[in-house]
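K.L.:
Protein chains in written order, with our numbering: chain A, 1 to 385; chain B, 1001 to 1674. The C-beta atom is built at its ideal place from N, Cα and C for all residues, glycine as well. Predicted model only: the values in this text are computed from it and were never measured.
1. Using DSSP with H/G/I as helix, E/B as strand and the rest coil, what is residue 26 (chain A)?
2. So which residues of chain B does residue 135 (chain A) contact, with C-beta pairs closer than 7 Å?
3. As a quick exercise: from B:1276, B:1400, B:1425 and B:1431, pick the residue whose alpha carbon is nearest that of residue 1332 (chain B).
4. In chain order, what residues of the segment 140 to 160 of chain A put their CB closer than 8 Å to some CB of chain B?
5. Which same chain residues, not among the five before or five after residue 1366 (chain B), have their C-beta less than 6 Å away from its C-beta?
6. Give me whichever residues DSSP pairs with residue 373 (chain A) in a beta bridge.
7. Roughly how many angstroms separate the alpha carbons of residue 1659 (chain B) and residue 1110 (chain B), rounded to a whole number?
8. For residue 1625 (chain B), would you say it is in contact with chain A, using Cβ-to-Cβ distances shorter than 8 Å as the test?
9. Does the structure place the segment 207 to 220 of chain A close enough to the segment 170 to 190 of chain A that three or more beta carbon pairs sit under 8 Å?
10. What is the DSSP secondary structure of residue 1567 (chain B), counted as helix, strand or coil?
11. If you compare alpha carbons, which of B:1483, B:1570, B:1620 and B:1330 is closest to residue 1591 (chain B)?
12. What are the residues in the segment 101 to 124 of chain A lying within 9 Å of chain B by C-beta distance?
13. Per DSSP, what kind of secondary structure is residue 1324 (chain B) in: helix, strand or coil?
14. For residue 384 (chain A), which residues of its own chain have a beta-carbon under 6 Å away from its beta-carbon, when the five flanking residues on both sides are left out?
15. Output the boundary residues of the alpha helix (DSSP H) element that contains residue 1656 (chain B).
16. Looking at chain B, which residues of the segment 176 to 196 of chain A have a Cβ within less than 8 Å of any of its Cβ atoms?
17. How is residue 1589 (chain B) classed by DSSP in three states: helix, strand or coil?
18. Applying a beta-carbon distance threshold of less than 7 Å, which residues of chain A neighbour residue 1621 (chain B)?
19. Mapping the DSSP letters down to three states, classify residue 1541 (chain B) as helix, strand or coil.
20. Mind checking if residue 282 (chain A) is an interface residue toward chain B, Cβ cutoff 8 Å exclusive?
21. Using the beta-carbon count (16 or more within 10 Å), is residue 312 (chain A) buried or exposed?
22. Which residue or residues does DSSP assign as beta-bridge partners of residue 164 (chain A)?
23. What does residue 174 (chain A) reach in chain B if we use C-beta pairs closer than 8 Å?
24. Under a Cβ-count criterion, where at least 16 other Cβ atoms within 10 Å of its own Cβ denotes burial, should residue 1370 (chain B) be classed as buried or exposed?
25. How should residue 24 (chain A) be labelled, buried or exposed, when 16 other C-beta atoms within 10 angstroms of its C-beta is the threshold for buried?
26. Restricting to Cα atoms, I'd like to know which of B:1384, B:1603 and B:1422 is closest to residue 1487 (chain B).
27. Where does residue 1438 (chain B) sit, in a helix, a strand or coil, going by DSSP?
28. If I measure Cβ to Cβ from residue 43 (chain A) and keep anything under 6 Å in the same chain, skipping five residues before and after, which residues do I get?
29. Using only CA atoms, which one of B:1547, B:1293, B:1181 and B:1096 lies nearest to residue 1122 (chain B)?
30. Is the Cβ of residue 351 (chain A) closer than 8 Å to any Cβ of chain B?
31. Please report whether the beta-carbon of residue 1293 (chain B) lies at a distance below 8 Å from any beta-carbon of chain A.
32. Residue 167 (chain A) touches chain B at which residues, Cβ-Cβ below 8 Å?
33. Please state whether DSSP places residue 1660 (chain B) in a helix, a strand or coil.
34. At the level of alpha carbons, what is the spacing between residue 198 (chain A) and residue 298 (chain A)?
35. What residues in the segment 1373 to 1404 of chain B have a beta carbon less than 9 Å from any beta carbon of chain A?
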């Protein structure tokens, strides 16, 4: 359902953008220098990990379905959500779990692991499942306080489990076992549809459809919303004035930086300044972004045209060729010259094979590997030393 | 003259007496007949009007404060026993040699377990009704710290290095991991349903946590109760092993080598019609023998005999040489002794299918039970001396510690803890409640299905008179004296009737209680079963914003569209405070096809969060399901106009409901503050 929605939306938005704004956008496209004015590095060595030696996994390797929606690394195993259940990669083998084993629904669209307990929380299109020491337990809108069975995103923040659902954001306190629901009725949302959630430093960031980013502070139990100040639905009229769009699809928080994805671009917020990124002025593969995950200073951005990663200065994008299984790794570094102009260098490294598909919905990384959930299977890249 | 006056006066009063006596007696007879549902109960006003008073002068006069030892620990040198006196909210320090109580240390409400630090300097006592653990300095016999826990702390284990205290939160079904140095709760796991027992393996690597209530399964499916296995080094749960067809796994013990663990358990027969008791058709009792390693064997063996049942097994300990296990069967005042070598031989020589069959084999216990030793009333916690030669037994309803020689397997003395010497009527009633002596072949007692005088979370097929299907969700007995009638169909107008002839005919299948015993049992049920405080959802009477919104929904007279809700379909109409029942019958359209046509007695809702599943046949696994799955026609209150947020608010409010005494005491505290 999420895919269909996104694809339809993608098509219509693309048409709108192409038909109405393309000339404007092209003509008004700022130079790299304008859009990356903060880049200070002179040595062109903005450290960002690059992955390669791709290995792709499909149903032939044991996946239940090639439509992979999410991926999460959990120690020595990797958990993948697919259209037909959850697949777990461990010791070189895939083991699949479905509703027969206790999953709430076979459409597994989000997975997170509690660092506190080791429990795996699984967001599905039919409820939320906890997988703990081999046992599945389901929370749904009928048997619990879960806002809605369409659980697009689940995030574990200590004892607190957050969900972004089709009926609002849900908060489950595993200590008190109480639920809270946040919708447009009790939070500054445009509507109850929420797509993403993340947390850090005592705050929770909810990606709310049409409502930008909803920030919740544990201590005060207060909300604050961040919306696109220019109010334009088609373009980001004023650069870096706030979120690039009110329709947000994901948030990620790490190292004091909030990263926000949308179907219209990407942005970051350091607590003071917002900064926008687009496919025409950065290394971003596409403005149509499905999901985002931050690991320390690096953020991985899942789009409909490949996977990008950045630390705000350097960009690495992984793309598959349309006509074969090979692809490119495109590295862009931004630097400031002595005359304060910003230039970027681009390096393209062929990869064979490349990632399994360019439509990417999930990603996770650890010290050695990058795992990518795509429309055509799961890809694993090795960190290139 | 004087004589005639006297005669007249005497005559007058005699006639007056006769005039009053005969109608009065007739009235009293009718009253007693109504209350007891028999016509030959002795006319003794004290039966009810003295012994069933819950408070006031008479109540104080006829009742006593007992100690009720529940669990205990022995110091390493064997000189001291530390006894949890549950009803006195105290830890007793006992001289093991001289059998004297040396000190009584006040702890929190309803203490459950005690564990000693390895150096013997500290004792940790879990306070089940205070949601904390008292840390006691044993040198000074003083409480030096109080550690906050989850809801209903019960079993305790210290990590091998003594750095972490594992607290089993029985009500909130958690395991709290507390850093002993900082006193902070480091993490909290979900355990099984209503966990209590915990035991660390001899190598310090594996922690077992036993559960009492089954996970909620639809009626017709075999119950399953979780044994939670924790890797102590990583502080992660490694396995949640379902023990099939068993529940009330109170405690566990490891063999010294750690290769096996033995866990007490009950196997209820709730899925078959309750038409027969003989041969274990209601309950059987035994142990779960497990290999704690991942995917290790799980075997269930009974401790019963074909014509004798050893009800309500509670604690289990194993001697340091690994040769014998001792099991306290609270319902029959007996310690069963297991020869572990015989147990090993049986397991080793039996095929898998044989072992599976043994779980229902009443004769198999002769292969490993080597002795039955009688104890005082209601043996609960067990502890062995360090050398393993003496077994100490907490005799809860005796206020004594029994001592048994583990060598000759004979009683070796008793320690009187100094409780009241008088056994009150209610105390006798409690002994009856907890004792299977009044059931055919001692198969079960009230406590078996009403552990902690609450309910066991099971749905039984209490076969109706036509032998049909009659599913009955066990109801709590907490503070039920003021909430007649009883049974889901409300057929029993009093506790007397509920526990009288009907009880013996339908359940115990033996002679009914004599009236003296029935009076005592009734006195206990009416006066002696208070609600626990609702510390999880309503600790102090101040409702959360969500609960306040839920309260407004509970009390509303109009739906979300402004339509008037008929009075008989408002929550507050039938569920009236303080017990949240109007004591009347109601139609809520939850009758199953197999049910007789009937109305339902409106159940009380205090502490309702603690009584899943819900509805008369337990079809609703959660409070939410009462309305999301079974309230589609708006006959059990109007709910279909509500948003999910509102339903959550309503459920939050329902979970906040608690017993009247806590409401009153909080109100009084507030007034006093003003």
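P.N.:
Well, looking at it:
1. Summary for residue 26 (chain A): the model assigns pLDDT 29, below 50, so the residue's position carries little reliability, and this model does not support an answer.
2. The answer, in chain order, is 1240.
3. Restricting attention to B:1276, B:1400, B:1425 and B:1431, the CA atom closest to the CA of residue 1332 (chain B) is found in B:1431.
4. Under the 8 Å Cβ criterion, the segment 140 to 160 of chain A contributes 141, 142, 143, 144, 145, 147, 148 and 159.
5. Excluding residues within five positions, none has a Cβ falling inside 6 Å.
6. The partner list for residue 373 (chain A) (beta bridge, DSSP) reads A:362 and A:378.
7. Those two C-alpha atoms are separated by around 17 Å.
8. The beta-carbon of residue 1625 (chain B) is placed less than 8 Å from the nearest beta-carbon of chain A.
9. Judged by Cβ distances under 8 Å, the segment 170 to 190 of chain A makes contact with the segment 207 to 220 of chain A, as three or more pairs qualify.
10. Residue state, collapsed to three classes: helix.
11. Considering only B:1483, B:1570, B:1620 and B:1330, the residue with the shortest C-alpha distance to residue 1591 (chain B) is B:1620.
12. So the close ones are 116, 117, 118 and 119.
13. Correct three-state label for residue 1324 (chain B): strand.
14. Hits under 6 Å: 50 and 52.
15. Run containing residue 1656 (chain B): 1644 to 1656, per the alpha helix (DSSP H) assignment.
16. Residues passing the 8 Å Cβ filter: 176, 177, 178, 179, 180, 181, 183, 185 and 186.
17. Annotated three-state conformation of residue 1589 (chain B) is coil, per DSSP.
18. Within chain A, the residues 143 have their CB atoms less than 7 Å from the CB of residue 1621 (chain B), given in chain order.
19. The answer is coil: DSSP assigns residue 1541 (chain B) none of H, G, I, E or B.
20. With 8 Å as the cut-off, residue 282 (chain A) does not count as an interface residue toward chain B.
21. The residue is buried, with at least 16 neighbouring Cβ atoms inside 10 Å.
22. According to DSSP, which records beta bridges pairwise, residue 164 (chain A) is partnered with A:153 and A:169.
23. Residues of chain B passing the Cβ test: 1188 and 1190.
24. Answer is exposed; the Cβ neighbour count stays below 16.
25. Since pLDDT at residue 24 (chain A) reaches only 30, below the 50 mark, its modelled position is unreliable, and the value read off the structure follows with that caveat. Looking at its Cβ environment, which holds fewer than 16 other Cβ atoms inside 10 Å, residue 24 (chain A) is exposed.
26. When each option's Cα is compared against that of residue 1487 (chain B), the closest is B:1603.
27. Reduced to three states, the DSSP call for residue 1438 (chain B) is helix.
28. Note that residue 43 (chain A) has pLDDT 43, beneath the 50 cutoff, so the model's placement of it is unreliable and the number below is only indicative. No residues qualify anywhere along the chain.
29. Comparing Cα positions, the closest option is B:1181.
30. Chain B contact via Cβ: absent.
31. Residue 1293 (chain B) does not count as touching chain A.
32. Close to residue 167 (chain A), with beta-carbon spacing below 8 Å, are these residues of chain B in chain order: 1644.
33. Residue state, collapsed to three classes: helix.
34. Each residue's Cα considered, the two are about 15 Å apart.
35. Of all residues in the segment 1373 to 1404 of chain B, none places a beta-carbon less than 9 Å from a beta-carbon of chain A.
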